Every structure is written in structure tokens, then in C-alpha cells.
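Per our numbering, residue 389 is the first one in the sequence shown, and the count goes up by one each step.
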Amino acid sequence: MKITDLIPWSGSGRHVGPQTGPVDPLRALRQDIDRAFEQFWRMLPSPFPEFAPSAPDSVRLDVSDSDKAITVTAELPGLSEDDIELSISEGSLTIRGERSTDRKTEDGGLIVRERAYGSFQRTLQLPDGVDADAASATFKNGILTIEVPKTVESIPSIQRIPVQAG
389 MKITDLIPWS
399 GSGRHVGPQT
409 GPVDPLRALR
419 QDIDRAFEQF
429 WRMLPSPFPE
439 FAPSAPDSVR
449 LDVSDSDKAI
459 TVTAELPGLS
469 EDDIELSISE
479 GSLTIRGERS
489 TDRKTEDGGL
499 IVRERAYGSF
509 QRTLQLPDGV
519 DADAASATFK
529 NGILTIEVPK
539 TVESIPSIQR
549 IPVQAG
């Protein structure tokens, strides 16, 4: 066993699949310890709360700023456009949605459910000088793209100043 196997990662980059063999008490103990450490670290306040998602499995975002618009790209796999609600209020963009799950049971077997489901929300502050009324959004292959144009006054204009010999 490597020392890195003992380090509790927050679920990203390491996948522990369902157990297929007989119950291994050391594996179960390790999973319990990992879960306890993950819960402990989630309870501590974030040193940078403005960058922390609102939930551990929250919406992952990319935000880009061009001369003409702010573009927000969000990963929302497994959702349809009907599951997503967008709003802009008082300079904040809010992405809300709900991941639903299939309710099925099977007799005589164990079902392992590792996919997250439930409602989620992510809010981010938009800069001044955006035109919320002209915002648009597209959703394709689990990727939501939101474009919020900047107002004409906020688009920087560059004026060249001629230099004369003096």
C-alpha cells in the first residue's frame, strides 16, 4: 500500500468503485476514515469564500471577460434545458436547477447509487456595466453558455493621440 492511498481526497481525481468481492474490513475502515475527514474539512470555513461553490458537487464554472461581453460557461451533465433556471437580479447571476434520479429497486440485490441528485444553486456577482436585459443562454451537450453583453458606455474605446515633433 502506498502512502498516497491513505490521503483522503475530496472525491476529485480518485474513484472508488462499488465493492465486488467479499467484505474487506480494512477497506471499510479506510472508507469510513476518508468520509470522516471529508466531512471535517467541509465544516471548516473557506479562506476564500467568494471562490467556494455553494455545495460540494456544485456547478463548475468558467468565466471570461472580453471587450464586449462577460461569458459564463457551466458544466451541467445529465440535465436538459428544462431543468435549468437562470436569473439576473441586483447585479448577480444565479444558476438554479435540479438533478432528478430514477427511483428503482431490485429484489435480492444491492443497488449502489453514486450519482448526485437534488437541487443546486450557484450565484456569482457580475461587474458593473453589463446589460442584463440583453443576456442570452444556450445549452448543448451538458454545457450551458451564458453571455451578458456590456453596455456601450462600459466598452473601452481607444483613442490614438498623435505625437508632434516639438
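Where a beta carbon is used, it is the ideal one built from N, C-alpha and C, also for glycine.
Just so you know, these numbers come straight off a predicted model, no measurement behind them.
Item	Value
Between 466, 457, 470, which lies nearest to residue 517 when the distance is taken from Cα to Cα?	457
Going by the DSSP bridge assignment, what does residue 462 pair with across the sheet?	449, 532
From the DSSP output, in three-state form, read off residue 399 for me.	Confidence is the limiting factor: at residue 399 the pLDDT is only 47, short of 50, which leaves the residue's position unreliable, though a coordinate-based value still follows. The answer is coil: DSSP assigns residue 399 none of H, G, I, E or B.
Quickly, what does DSSP pair residue 456 with across the bridge? List them, please.	Answer is none; residue 456 lacks a bridge partner.
Between the Cα of residue 470 and the Cα atoms of 460, 483, 419, which residue gives the shortest distance?	483
In the structure shown, what three-state DSSP assignment does residue 525 receive?	strand
Check residue 442 in the structure and name its three-state DSSP category.	The predicted position of residue 442 is uncertain, since its pLDDT is 48 and thus under 50; a value taken from the coordinates is nonetheless stated next. Residue 442: coil per DSSP, three-state reduction.
In terms of residue numbering, what span does the beta strand (DSSP E) encompassing residue 512 cover?	506-513
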